[in-house]
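A.B. asks: Can you keep this structure in mind? I'll have questions shortly.
In my numbering, the protein residues as written are 63 to 742.
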């Protein structure tokens with residue numbers, strides 16, 4: 063039995079030590095750790111109870127007992143033990159050799175491990191260096207990309223590619239620089255981005271300022287072109303309605319009316335097609351400011367710039383009565399071009415120009431134009447200036463209205479109100495009509511006052527044609543051949559002159575009325591009353607005053623003139639009907655017709671009075687011998703003179719009177735003579 067078997071067979075029987083009531087139990091089945099755990103409290107208890115001697119004695123006794131057991135066991139298995147010891151020694155010798163080998167191997171492993179460890183340390187350091195190099199390369203590459211983007215942004219800025227510049231700067235700011243934010247130069251670059259953005263903003267703003275300056279110049283050209291096209295359109299419409307009998311009844315329809323637009327449909331080119339303005343600088347500026355988040359700032363700046371331009375256009379002093387009419391035309395052209403551009407901007411952008419802002423500008427400009435007109439014409443007595451202003455304003459309004467029609471077809475209504483301008487035109491018309499009536503009143507008064515009441519003489523056919531142009535006087539060929547030139551006409555110069563001026567007055571009146579189809583009815587009535595007033599209060603009234611003359615020749619000429627005026631009144635009525643507004647019908651009756659008729663009767667009566675008065679003078683000079691007994695076979699000299707007077711009057715002064723009046727005159731004269739002689 064070997065040592066291992068002996069050791070395995072060694073077992074501790076449970077031993078109980080009882081000393082003075084203290085019981086200790088040793089169990090061989092417990093492992094060392096458990097024994098130790100149990101021994102500690104036991105020893106502590108022994109010491110606390112002071113039983114050390116007793117316990118030691120017990121332990122010695124236990125040891126001797128166990129030694130005896132071991133000895134008996136060894137004696138029983140001695141050979142096996144010796145054999146086991148021999149084997150153990152051999153194993154020990156082998157283990158020593160193995161230990162030596164293991165030690166050698168371990169040393170080799172230690173040496174190899176040190177080398178591997180050194181190599182690993184070197185590899186780790188190289189790996190770290192490589193990683194640092196890779197990071198450095200990546201950082202350099204990223205930095206180069208950032209710098210390339212910076213250079214790209216600068217190049218784009220130089221090439222005026224502003225949006226691309228901002229896009230590149232945005233890429234730098236929000237992506238590229240974030241990856242290298244730990245580097246100082248990245249922070250420096252990041253600080254330059256707002257500077258570059260401001261440069262972009264400043265450059266597009268500078269370009270916009272230049273564009274605004276060009277637009278201000280182009281606006282005048284656009285306005286001039288648009289107003290000239292409207293003037294040409296008016297001329298074409300006037301010519302077309304005048305030359306074409308089928309369209310003549312439409313001549314009172316204005317340009318831009320439904321009738322005119324239907325007839326000329328497809329013939330008029332669009333004004334939009336002629337507006338050749340590059341709006342790219344404006345749109346680019348809007349886009350750039352939107353990208354920078356400064357849309358409201360740009361809207362405010364643009365509004366201020368456009369308002370300043372409008373004020374600049376309105377700042378030039380305009381005095382129409384001092385010969386600055388061209389400046390007034392230029393102002394209207396500027397306004398038309400300005401607001402055509404404003405309208406395009408309003409409808410070609412989104413949430414940039416508001417209707418209220420444009421309307422505010424329009425109201426300001428409209429008030430200025432109205433003030434210029436009102437101030438310049440205050441106290442003016444020149445109808446021609448009123449007419450020129452009216453033409454300009456009318457073309458101005460119609461140009462905007464024509465533009466309105468085009469934009470409405472595109473779904474972009476032109477919302478500028480022209481009502482204040484139309485009201486201004488009506489006010490101008492009222493003053494114009496007053497001035498025209500006053501002017502022609504003076505003209506008619508002068509013509510009639512200065513008329514010598516002598517038959518008019520024309521020297522040639524041209525002068526006769528001029529007379530016939532304005533009167534219904536039409537001498538036949540036989541009459542012309544009989545009397546030839548110079549030709550003595552039955553009426554005096556006052557008649558054709560007044561007829562010409564009535565026609566001129568009517569046409570001048572309707573020159574201003576053109577374009578006022580909404581108020582044509584009132585204008586027709588004003589004109590009719592004005593013509594009646596001129597004929598009654600000027601022509602007729604002065605002729606009535608001249609009837610106080612005692613010159614029979616003048617009275618006769620007045621009668622003839624009045625007869626021609628009376629017979630021409632229907633022509634005046636026809637003239638008024640032909641020129642009045644198209645939508646009115648019915649005849650026009652002038653009161654002057656009946657007034658001239660009454661004046662003619664008064665003139666005839668005045669002739670009778672003068673002839674009878676002359677007869678009375680002859681009778682007063684007559685001396686009769688009522689006591690004579692001689693019968694005179696010859697008429698008295700006074701009676702012969704009286705007959706001679708009547709004959710001369712009839713053949714000379716009354717030569718041009720109608721036969722009916724002559725007969726009546728003879729009858730009245732003889733009747734008066736008869737009655738007068740009865741009372742001698």
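Glycine included, each C-beta is placed from N, C-alpha and C at the ideal position. As the structure is a computational prediction, the values presented were derived from the model and not from experiment.
For the pair the segment 273 to 289 and the segment 389 to 402, tell me if three or more CB-CB distances fall below 8 Å.
C.D. replies: Yes: the two stretches touch, three or more of their Cβ pairs being nearer than 8 Å.
A.B. asks: On the CB-based measure, 16 or more other CB atoms within 10 Å of its CB, does residue 480 come out buried or exposed?
C.D. replies: Translated into positions along the chain shown, residue 480 becomes position 418. Sixteen is the threshold: when 16 or more other Cβ atoms of the shown chains lie within 10 Å of the Cβ of residue 480, as they do, the residue is buried.
A.B. asks: According to the Cβ coordinates, are residue 519 and residue 561 closer than 9 Å?
C.D. replies: In the chain shown, the residue the question calls residue 519 occupies position 457. In the chain shown, the residue the question calls residue 561 occupies position 499. Cβ atoms of residue 519 and residue 561: not closer than 9 Å.
A.B. asks: Using beta-carbon positions only, say whether residue 567 and residue 596 come within less than 9 Å of one another.
C.D. replies: What you label residue 567 is simply residue 505 of the chain shown in a count that begins at 1. What you label residue 596 is simply residue 534 of the chain shown in a count that begins at 1. Taking 9 Å as the Cβ cut-off, residue 567 and residue 596 qualify as a contacting pair.
A.B. asks: From residue 88 to residue 137, what distance separates their C-alpha atoms?
C.D. replies: To locate residue 88, count along the chain shown from 1; it is residue 26. To locate residue 137, count along the chain shown from 1; it is residue 75. Bear in mind that a pLDDT of 48 at residue 88, under 50, signals an unreliable position, so the model cannot answer this.
A.B. asks: Between 441, 366, 411, which lies nearest to residue 423 when the distance is taken from Cα to Cα?
C.D. replies: Translated into the one-based positions of the chain shown, residue 423 becomes position 361. Of the listed residues, the one whose Cα sits closest to residue 423 is 366.
A.B. asks: Three-state secondary structure (DSSP) at residue 808?
C.D. replies: Because the chain here runs from 63 to 742, residue 808 falls outside it and cannot be looked at.
A.B. asks: On the DSSP bridge assignment, give the partners of residue 520 in chain order.
C.D. replies: In the chain shown, the residue the question calls residue 520 occupies position 458. For residue 520, which the question treats as bridged, DSSP gives the partners 549.
A.B. asks: Applying the 10 Å Cβ sphere with the 16-neighbour rule, what's the burial state of residue 725?
C.D. replies: Indexing the chain shown from 1 puts residue 725 at position 663. Classification of residue 725: exposed, given that the 10 Å Cβ count is below 16.
A.B. asks: How would you label residue 733, buried or exposed, when you count the other beta carbons within 10 angstroms and need 16 or more for buried?
C.D. replies: Here residue 733 refers to the residue found at position 671 of the chain shown. Exposed, since its Cβ has fewer than 16 Cβ neighbours within 10 Å.
A.B. asks: Could you work out which residue in 628, 601, 381 is closest to residue 663 when comparing CA atoms only?
C.D. replies: Against the chain shown, residue 663 aligns to sequence position 601. Nearest of 628, 601, 381 to residue 663, Cα basis: 628.
A.B. asks: In whole angstroms, what separates the C-alpha of residue 495 from that of residue 389?
C.D. replies: Your numbering for residue 495 matches position 433 in the chain shown. Your numbering for residue 389 matches position 327 in the chain shown. Going by the C-alpha atoms only, they are around 25 Å apart.
A.B. asks: Taking 9 Å as the cut-off, decide whether the C-beta atoms of residue 457 and residue 296 are in contact.
C.D. replies: Residue mapping note: residue 457 aligns to position 395 of the chain shown, counting from 1. Residue mapping note: residue 296 aligns to position 234 of the chain shown, counting from 1. Taking 9 Å as the Cβ cut-off, residue 457 and residue 296 qualify as a contacting pair.
A.B. asks: Taking the alpha helix (DSSP H) that residue 442 belongs to, which residues open and close that run?
C.D. replies: Counting from one through the chain shown, the residue named residue 442 turns up at place 380. Run containing residue 442: none; DSSP gives neither H nor E here.
A.B. asks: Alpha carbon to alpha carbon, how far is residue 345 from residue 215?
C.D. replies: For the purposes of this step, residue 345 is taken as residue 283 along the chain shown, with counting starting at 1. For the purposes of this step, residue 215 is taken as residue 153 along the chain shown, with counting starting at 1. Between residue 345 and residue 215, the C-alpha separation is close to 21 Å.
A.B. asks: If you follow the alpha helix (DSSP H) that residue 361 is in, where does it begin and where does it stop?
C.D. replies: As a first step, residue 361 must be located in the chain shown, where it is residue number 299. Residue 361 -> alpha helix (DSSP H) spans 357 to 377.
A.B. asks: DSSP three-state call for residue 286: helix, strand or coil?
C.D. replies: By one-based count along the chain shown, residue 286 stands at place 224. Reduced to three states, the DSSP call for residue 286 is helix.
A.B. asks: Identify, in the order they occur along the chain, each residue of the same chain with its Cβ nearer than 7 Å to the Cβ of residue 474, setting aside the five sequence neighbours on each side.
C.D. replies: Residue mapping note: residue 474 aligns to position 412 of the chain shown, counting from 1. No answer about residue 474 holds up, because its pLDDT of 47 lies below 50 and its placement is not dependable.
A.B. asks: Run the CB neighbour count on residue 636, radius 10 Å, all protein chains shown included, and call it buried at 16 or more, exposed below.
C.D. replies: Mapped onto the chain shown, residue 636 falls at position 574. By the 10 Å Cβ count, residue 636 comes out exposed.
A.B. asks: Look at residue 438 and residue 499 and say whether their C-beta atoms are less than 9 Å apart.
C.D. replies: In the chain shown, the residue the question calls residue 438 occupies position 376. In the chain shown, the residue the question calls residue 499 occupies position 437. Taking 9 Å as the Cβ cut-off, residue 438 and residue 499 do not qualify as a contacting pair.
A.B. asks: Would you call the segment 508 to 517 and the segment 527 to 540 touching, i.e. three or more CB-CB distances under 8 Å?
C.D. replies: no
A.B. asks: Between the C-alpha atoms of residue 80 and residue 122, what's the straight-line distance to the nearest angstrom?
C.D. replies: Here residue 80 refers to the residue found at position 18 of the chain shown. Here residue 122 refers to the residue found at position 60 of the chain shown. A caution first: residue 80 carries a pLDDT of 46, below 50, which makes its placement in the model unreliable, though a value can still be read off. One Cα belongs to residue 80, the other to residue 122, and the distance between them is close to 14 Å.
A.B. asks: Please tell me whether residue 205 and residue 261 are closer than 9 Å, where the distance is taken between their beta carbons.
C.D. replies: Reading the chain shown from its first residue, position 143 is the one you call residue 205. Reading the chain shown from its first residue, position 199 is the one you call residue 261. Using a Cβ distance threshold of 9 Å, residue 205 and residue 261 do not count as a contacting pair.
A.B. asks: Does residue 377 pass the burial test, meaning 16 or more other C-beta atoms within 10 Å, or should it be called exposed?
C.D. replies: Counting from one through the chain shown, the residue named residue 377 turns up at place 315. Exposed: under 16 other Cβ atoms inside 10 Å.
A.B. asks: Tell whether a beta-carbon distance below 9 Å holds between residue 453 and residue 535.
C.D. replies: Taking the first residue of the chain shown as position 1, residue 453 is located at position 391. Taking the first residue of the chain shown as position 1, residue 535 is located at position 473. The answer is no: Cβ separation not under 9 Å.
A.B. asks: Of all the options 248, 670, 221, which has the alpha carbon lying nearest to the alpha carbon of residue 615?
C.D. replies: Counted from its first residue, the chain shown places residue 615 at position 553. Of the listed residues, the one whose Cα sits closest to residue 615 is 670.
A.B. asks: Can you say whether residue 586 is buried or exposed, counting buried as having 16 or more other CB atoms within 10 angstroms of its CB?
C.D. replies: By 1-based counting over the chain shown, the position of residue 586 is 524. Buried, because 16 or more other Cβ atoms sit within 10 Å of the Cβ of residue 586.
A.B. asks: Rounded to a whole number of angstroms, what is the C-alpha to C-alpha distance between residue 164 and residue 149?
C.D. replies: On the chain shown, residue 164 is found 102 positions in, with the first residue counted as 1. On the chain shown, residue 149 is found 87 positions in, with the first residue counted as 1. Their Cα atoms are separated by approximately 21 Å.
A.B. asks: Using only the alpha-carbon positions, how far apart do residue 449 and residue 601 sit?
C.D. replies: In the chain shown, counting from the first residue as 1, residue 449 sits at position 387. In the chain shown, counting from the first residue as 1, residue 601 sits at position 539. Each residue's Cα considered, the two are about 26 Å apart.
A.B. asks: Of the residues 622, 354, 705, which one's Cα is nearest the Cα of residue 225?
C.D. replies: Sequence index remark: in the chain shown, residue 225 carries index 163 (1-based). Of the candidates 622, 354, 705, the one whose C-alpha sits nearest the C-alpha of residue 225 is 354.
A.B. asks: Could you give the distance in angstroms between the alpha-carbon of residue 234 and the alpha-carbon of residue 266?
C.D. replies: Taking the first residue of the chain shown as 1, we reach residue 234 at position 172. Taking the first residue of the chain shown as 1, we reach residue 266 at position 204. Cα to Cα, residue 234 sits roughly 21 Å from residue 266.
A.B. asks: Which full runs of the alpha helix (DSSP H) of 4+ residues lie inside the segment 244 to 286, going along the chain?
C.D. replies: Within the segment 244 to 286, no run of alpha helix (DSSP H) at least 4 residues long lies entirely inside it.
A.B. asks: Check whether the Cβ atoms of residue 486 and residue 292 lie closer than 9 Å to each other.
C.D. replies: To locate residue 486, count along the chain shown from 1; it is residue 424. To locate residue 292, count along the chain shown from 1; it is residue 230. Residue 486 is not a Cβ neighbour of residue 292, given a cutoff of 9 Å.
A.B. asks: Can you tell me which of 347, 171, 426, 659 puts its alpha carbon nearest to the alpha carbon of residue 222?
C.D. replies: Here the question's residue 222 lines up with position 160 in the chain shown. Taking only the C-alpha atoms, the option nearest residue 222 is 347.
A.B. asks: Going by other Cβ atoms of all chains shown within 10 Å of its Cβ, with 16 needed for buried, is residue 268 buried or exposed?
C.D. replies: Walking along the chain shown from the start, residue 268 turns up at place 206. Exposed.
A.B. asks: Taking its Cβ as the centre, do 16 or more other Cβ atoms sit within 10 Å of residue 93, making it buried, or is it exposed?
C.D. replies: Position 31 of the chain shown holds residue 93. Note that residue 93 has pLDDT 46, beneath the 50 cutoff, so the model's placement of it is unreliable and no number is given.
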